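Chains A and B are the protein sequences, given in the same order.
Residues in the first sequence are numbered consecutively from 1, following this note's numbering.
Residues in the second sequence are numbered consecutively from 325, following this note's numbering.
Ideal Cβ positions, reconstructed from N, Cα and C, are used throughout, including at glycine.
In this text the structure is predicted, and so the values were computed from the model without any measurement.
Remarks on the structure that follows.
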Amino acid sequence: MKPYLLSVKNLSIDFDTSDGIIRVVDGVEFNLNAGECIGIVGESGSGKSMTSLALLRLIPGPHGKISTGSIELDGKDINQIPVQEMRSIRGKEIAMVFQEPMSSLNPVMTIGDQIEEALLLHETLEKTARKQRVIEILRLVGIPNPTERLGSYPHEFSGGMRQRVMIAMALSCNPKILVADEPTTALDVTIQAQVLDLLKKLRKEFNTAIILISHDFGVISDIADRVFVMYCGRIVETATIDTIFSSPAHPYTEGLLKSIPSKNNLGRLYQIPGQVPSPSERGKGCDFFDRCTKQMTKCSQSKPHLETINGTHAVACFAINNQA
Amino acid sequence: MSTINKNQGGLIDKSKKNKKDISLIQQLWRNIADDRLTLFFFFVLLAVIVISILARFIAPFSPVDQSLLRINEGPSATYLLGTDQYGRDVYSRIVFGSRTSLILGVLSPVLAAIIGVTVGLVGGYFGGWIDRIAGRIIDILLAFPALLLGILVAAVLSSGFWSMVAVLVIAFAPRFARIARASTLSLRSEPFIDAAIAAGVSHFQIILRHILPNVAGSIVVVLTLWIATAIRLEATLSFLGLGTQPPEPSWGNIIRDGLHNMTASPWPVIGAGFAISLTVLAFNMIGDSIRDVLDPEARV
């Protein structure tokens, strides 16, 4: 079998706070093939952004650190390589699109210069060729009049345009993996659709693997092949996009899908009861225990592990796994 | 319809030309020339610089020649701004005094800015123990009044131009460091810095390319304000025996000597005071223009 492009094994991230050590990501595992698109869904604080930051070794120090596990890119563990080499991976092998288009661009640098920056670092192109490449990328992401807009500053762009510029920055060096952390959250629905179409196009044209992080199942279903549902720092369910919608297994996934508004159900929108437990409230049992509709005594005693129930479909739930 | 399109095209072309094909210097000149008052002060500044360079040819008399026959005279055709209590020509003294005042007034804040901003950027960006050490040094230096520092340096070093520069740099640098550090701290948490790191940019380049240009505007404004203070402090420091020694003129010590003799001849104080005010105002105006050019959102 072909080796995976990216392979995350048993990844845990700890934060050292005044309340003690808090585990924000706990035993996350996933693989990514070239050209594949996976989605990571979860609520705020579920650890999805931390997981994505870990891929670029950007976990905010000095309090946060990867405590266990490995992240292998082309068979190399990202946590073991020296800083210099890490810098050459960032932007070149793995690039990232951040969630705030309004503040993720430097206000005093022209967008041309900002896109060119990564090219300067990772590619050996002549000045004119570099400029040509910047114009090409801007055209690709759908900025009208790219030649004229090179010298524009971020404040002259709208939110959607800035998000495109940020995608252009991330794409400038043809990365193998594009990590998009809530790339559409700050945008309105029409622009959101355009940005997603852009991501799809890029994937088709350049075979870029995409890791899309979102709290919105709609966004994920539009573009991803496989989904990982995260809750309290753990992956609770993973399946292909079709399976997750047709037969969600974990009670949390079911709850999430039920709380998406649809035109067939015009009654009161479903709501998962209770709240996400804060890290200090989490006990030895399943983190979803208090909110679960299928709770058993076993659930309060130990945490379930991810177990395959059918092909690529895996769930971490005692209720489901015992049946199977 | 087609004409409207054409017009819009024309507009876009114009704005493009405004921003891109023009260097910062050209941009600055446009900014200065656009406003009549700023343009006036630009020429004032230019004049002061020319006067200080060509002092020897512009001043009608020697700045140090004394004569008891012509003390405390009012303005006349010979003595444009009258004479002081030693019978020295006030106008000539102001012309020669511009040298010390201008060089010192600009040089020491600029040196202080270079040192202070570097410390502030590095401390604010990296945080941790680097920041703590830099922060403590800044606090200690700020706790010393500039005057006390002056006496200290005067005791250790010999008096002269460079010890005066040293005093002013030590007094000003921590202030620049504090401003730079504060701005860097808030910039450090901006997502665009994370985005730059994620693109593989090194810390050194992030400081140089992303943080410094964002800090530069406020630093330039503060710099022009400190030029005024430097010119003023020079007078005080000379009084302490550090720096310009009588009878050599500087704007500061012309005012100081003149104050004792205000009732007999107010002209030294008026003349030198006017020179300082005009120069300081000119620096502030140009400083504002530079800041506007550095801030893309303020650009027209």
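Are the C-beta of residue i and some C-beta of chain A separated by less than 8 angstroms?
{"i": "B/Val489", "result": "no"}
{"i": "B/Asn538", "result": "yes"}
{"i": "B/Asp518", "result": "yes"}
{"i": "B/Glu514", "result": "yes"}
{"i": "B/Ser526", "result": "yes"}
{"i": "B/Lys340", "result": "Because the pLDDT at B/Lys340 is just 43, under 50, the model does not fix this residue reliably, and the value given afterwards should be weighed accordingly. At least one chain A Cβ lies under 8 angstroms of B/Lys340."}
{"i": "B/Gly611", "result": "no"}
{"i": "B/Ala458", "result": "no"}
{"i": "B/Ile614", "result": "no"}
{"i": "B/Ile521", "result": "yes"}
{"i": "B/Glu621", "result": "yes"}
{"i": "B/Ile336", "result": "Note that B/Ile336 scores a pLDDT of 43, beneath 50, so its modelled location is shaky; the value from the coordinates is reported in the next line. Yes, B/Ile336 counts as interfacial toward chain A."}
{"i": "B/His534", "result": "yes"}
Where does residue i land, buried or exposed, given buried means 16+ other C-beta within 10 angstroms?
{"i": "B/Leu392", "result": "exposed"}
{"i": "B/Arg499", "result": "buried"}
{"i": "B/Ala588", "result": "exposed"}
{"i": "B/Leu405", "result": "buried"}
{"i": "B/Ser510", "result": "exposed"}
{"i": "A/Ser152", "result": "buried"}
{"i": "B/Gly333", "result": "With a pLDDT of only 41 at B/Gly333, under 50, the local geometry of the prediction cannot be trusted, and the value read off the model is given with reservation. Counting Cβ neighbours within 10 Å, B/Gly333 comes out exposed, since fewer than 16 surround it."}
{"i": "B/Asn577", "result": "buried"}
{"i": "A/Ala224", "result": "buried"}
{"i": "A/Thr110", "result": "buried"}
Check whether chain B comes within 8 angstroms of residue i, counting only Cβ atoms and requiring the distance to be less than that.
{"i": "A/Ala54", "result": "no"}
{"i": "A/Phe206", "result": "no"}
{"i": "A/Ile13", "result": "no"}
{"i": "A/Lys92", "result": "yes"}
{"i": "A/Ala316", "result": "no"}
{"i": "A/Arg87", "result": "yes"}
{"i": "A/Phe98", "result": "yes"}
{"i": "A/Thr107", "result": "The residue asked about is misnamed: residue 107 of chain A is Pro in this sequence, not Thr. Taking Cβ atoms only, chain B reaches closer than 8 angstroms to A/Pro107, which makes this a yes."}
{"i": "A/Ser104", "result": "yes"}
{"i": "A/Leu140", "result": "no"}
{"i": "A/His305", "result": "no"}
{"i": "A/His63", "result": "no"}
{"i": "A/Met161", "result": "no"}
{"i": "A/Met169", "result": "yes"}
Taking residue i as part of the beta strand (DSSP E), name the residues at either end of that continuous run.
{"i": "A/Ala239", "result": "234-240"}
{"i": "A/Glu333", "result": "This structure gives no information on residue 333 of chain A, because the portion of chain A shown stretches from 1 to 324."}
{"i": "A/Ile211", "result": "209-214"}
{"i": "A/Phe228", "result": "226-231"}
{"i": "A/Thr110", "result": "Neither: A/Thr110 is in no beta strand (DSSP E) and is coded neither H nor E."}
{"i": "A/Glu72", "result": "64-73"}
{"i": "B/Ala522", "result": "Note, B/Ala522: premise wrong, no beta strand (DSSP E); alpha helix (DSSP H) at 515-522."}
{"i": "A/Ser7", "result": "6-17"}
{"i": "A/Gly151", "result": "Per DSSP, A/Gly151 belongs to no beta strand (DSSP E) and is neither H nor E."}
{"i": "A/Leu32", "result": "20-32"}
{"i": "B/Asn355", "result": "Where B/Asn355 is concerned, there is no enclosing beta strand (DSSP E), although the alpha helix (DSSP H) it sits in stretches over 348-358."}
Do the CB positions of residue i and residue j come within less than 8 angstroms of each other?
{"i": "A/Ile40", "j": "A/Met230", "result": "yes"}
{"i": "B/Leu561", "j": "B/Val491", "result": "yes"}
{"i": "B/Ala501", "j": "B/Gly582", "result": "no"}
{"i": "B/Pro670", "j": "B/Pro387", "result": "This structure does not reach residue 670 of chain B, given that chain B is present from 325 up to 624, and the question cannot be answered."}
{"i": "A/Phe217", "j": "A/Leu187", "result": "no"}
{"i": "B/Leu547", "j": "B/Pro433", "result": "yes"}
{"i": "A/Ala209", "j": "A/Glu36", "result": "yes"}
{"i": "B/Ile517", "j": "B/Phe607", "result": "no"}
{"i": "B/Ile395", "j": "B/Thr407", "result": "yes"}
{"i": "A/Asp155", "j": "A/Pro107", "result": "As written in the sequence, residue 155 of chain A is His, which differs from the Asp given in the question. The answer is yes: Cβ separation under 8 angstroms."}
Cβ-heavy atom distance between residue i and the ligand NAP below 7 angstroms?
{"i": "B/Val477", "result": "As for the ligand NAP, it is missing from this structure, which has no ligand bound."}
I'd like the span of the alpha helix (DSSP H) that includes residue i, first residue to last.
{"i": "B/Gly597", "result": "591-618"}
{"i": "B/Glu621", "result": "No alpha helix (DSSP H) holds B/Glu621; DSSP gives it neither H nor E."}
{"i": "A/Glu205", "result": "189-206"}
{"i": "B/Gly448", "result": "414-450"}
{"i": "B/Arg505", "result": "485-512"}
{"i": "A/Ala314", "result": "Where A/Ala314 is concerned, there is no enclosing alpha helix (DSSP H), although the beta strand (DSSP E) it sits in stretches over 313-315."}
{"i": "A/Thr184", "result": "Careful: A/Thr184 lies outside any alpha helix (DSSP H) and carries neither H nor E."}
Strictly under 8 angstroms for the Cβ-Cβ distance: is residue i near chain E by that measure?
{"i": "A/Ala118", "result": "In the displayed structure, chain E is absent; the protein chains listed are A and B."}
Closer than 8 angstroms is the cut-off here; do at least three beta carbon pairs connect the stretch 525-539 of chain B with the stretch 474-482 of chain B? The stretch 525-539 of chain B, when compared against the stretch 474-482 of chain B, does not touch it at the 8 angstroms Cβ threshold.
Could you say if the stretch 51-63 of chain A and the stretch 174-182 of chain A meet the contact criterion of at least three C-beta pairs nearer than 8 angstroms? Short answer: they touch.
Any contact of the stretch 552-559 of chain B with the stretch 420-431 of chain B, i.e. 3+ C-beta pairs under 8 angstroms? Taking 8 angstroms as the limit for Cβ pairs, the verdict is that the stretch 420-431 of chain B does touch the stretch 552-559 of chain B.
Do three or more CB pairs link the stretch 152-161 of chain A to the stretch 72-89 of chain A at distances below 8 angstroms? Under the three-pair Cβ rule at 8 angstroms, the stretch 152-161 of chain A does not count as touching the stretch 72-89 of chain A.
Three Cβ pairs or more, each shorter than 8 angstroms: is that satisfied between the stretch 135-144 of chain A and the stretch 164-174 of chain A? With a cut-off of 8 angstroms, the stretch 164-174 of chain A and the stretch 135-144 of chain A count as touching, because enough Cβ pairs lie within range.
Closer than 8 angstroms is the cut-off here; do at least three beta carbon pairs connect the stretch 258-270 of chain A with the stretch 289-296 of chain A? No contact exists between the stretch 258-270 of chain A and the stretch 289-296 of chain A.
Are the stretch 350-370 of chain B and the stretch 591-607 of chain B in contact at 8 angstroms, needing three or more beta carbon pairs? Remark: three or more beta-carbon pairs, one from each stretch, lie closer than 8 angstroms, so the stretch 350-370 of chain B and the stretch 591-607 of chain B are flagged as touching.
How about the stretch 6-25 of chain A and the stretch 64-72 of chain A: do they share at least three Cβ pairs that are nearer than 8 angstroms? In this structure the stretch 6-25 of chain A lies against the stretch 64-72 of chain A, because at least three pairs of beta carbons, one per stretch, are closer than 8 angstroms.
Assess contact between the stretch 610-619 of chain B and the stretch 353-364 of chain B, defined as three or more Cβ pairs (one per stretch) separated by less than 8 angstroms. Is contact present? With the cut-off at 8 angstroms, the stretch 610-619 of chain B and the stretch 353-364 of chain B touch.
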